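Novice: Attaching a single structure in structure tokens format; questions to follow.
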Amino acid sequence: VPNNSFPPLNNFGFPSTVTNLVPTALGMLVFTISDLYIIQGNLASGLFSTPFLIGYGTPSLTSVCTDGALTYLLTTDRQVISLDPNAGASEVGFPIGDILSDELGTGFTSLTFLRNGSKDKALYVSNPNTGPNATGSYFRMSPTSAPETGLNWSTRGVFVNGNGIMKAIETAPGVHKLLVGPNSSGNILMR
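Here you go:
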């Protein structure tokens, strides 16, 4: 079916494992475990792949999230990066970078951005099996309220009964909730 498939020869090879794809106004961002690439062009003149950010690899599908035009990623060396198509890359996790490096593993760490009206706008970085009690921990980063600027990182939160992946999803039209899955089996929690 031409509308939902490609001829077998229409493909791109990358030197390391692809972990995520994110469409942007600039092109398709291709995250690998070692670097970030971009596919640009159009069907008339052809598509092409080029390196976008060397050394900004991501370990898994859950280590990338978006909020509008911004893309947030956890790199394989445990940096939390904000990628703005107009301004470039910025290490937003720098204020707590030493804590993130010690607390977070890279395999199952998840990033998600919750935008729930004016009440709650924040990036959540969570890991299911870290912290002193091995129960899972998370960090919350929110933008500073106007007229000031900047970012606020909350102290480490710990899940008492453990947790799996955190994900912000739209549960009804215009209603966004932060869901937390269990490590193995159990209820999905909602904040």
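The sequence shown lines up with residues 42 to 232 when you count with the numbering used here.
Ideal Cβ placement from N, Cα and C applies to all residues, glycine included.
Quantities reported herein were computed from a predicted structural model and do not represent experimental measurements.
1) Work out the CA separation of G68 and G87 for me, nearest whole Å.
2) I182 and V121: beta carbons closer than 9 Å?
3) Give me the residue from T107, F72, V71, T116 with the minimum Cα distance to D125.
4) Look at S206 and S151 and say whether their C-beta atoms are less than 9 Å apart.
5) Classify K208 as buried or exposed, calling it buried when 16 or more other Cβ atoms lie within 10 Å of its own Cβ.
6) Is it buried or exposed for L164, if we count other Cβ within 10 angstroms and need 16 for buried?
7) Using a Cβ-Cβ cut-off of 8 Å (strictly less than) and excluding sequence neighbours within five positions of S75, which residues of its own chain qualify?
8) Distance check for P223 and Y179, CA to CA, integer angstroms please.
9) Go through the region 82-159 residue by residue and report every complete run of the beta strand (DSSP E) that reaches 3 residues or more, in order.
10) Can you list, in chain order, the residues of its chain whose CB lies under 8 Å from that of A66, leaving out five sequence neighbours each side?
11) Tell me A163's beta-bridge partners as DSSP assigns them.
12) Compare the C-alpha of M231 against each of E189, P49, G215, I210 and name the closest.
13) Along the chain, where does the beta strand (DSSP E) that runs through G193 open and close?
14) What residues in its chain sit with their C-beta under 6 Å from that of K218, if we drop five residues either side in the sequence?
15) Tell me whether R197 sits in a helix, a strand or coil according to DSSP, three-state version.
Specialist: Based on what the coordinates show:
1) 13 Å
2) The amino acid occupying residue 182 in the given sequence is Met; Ile does not appear at that position. In this structure, V121 lies closer than 9 Å to M182 by Cβ.
3) Per the C-alpha coordinates, the member of T107, F72, V71, T116 positioned closest to D125 is T107.
4) Note that residue 206 is Ile in the sequence shown, not Ser. Taking 9 Å as the Cβ cut-off, I206 and S151 qualify as a contacting pair.
5) buried
6) buried
7) P56, S57, G96, G98, T117
8) 14 Å
9) 87-95, 105-108, 111-115, 121-125, 129-131, 151-157
10) Cβ within range, chain order: A110, P126.
11) L155
12) In terms of CA proximity to M231, I210 leads the group E189, P49, G215, I210.
13) A small fix is needed here, since residue 193 is Asn in this sequence, not Gly. It spans 192-194 - the beta strand (DSSP E) in which N193 sits, taken as one unbroken run.
14) Residues of the same chain with a CB within less than 6 Å of the CB of K218, apart from the 5 flanking positions on each side, are T212, M231 in chain order.
15) If DSSP states are grouped into helix, strand and coil, R197 belongs with coil.
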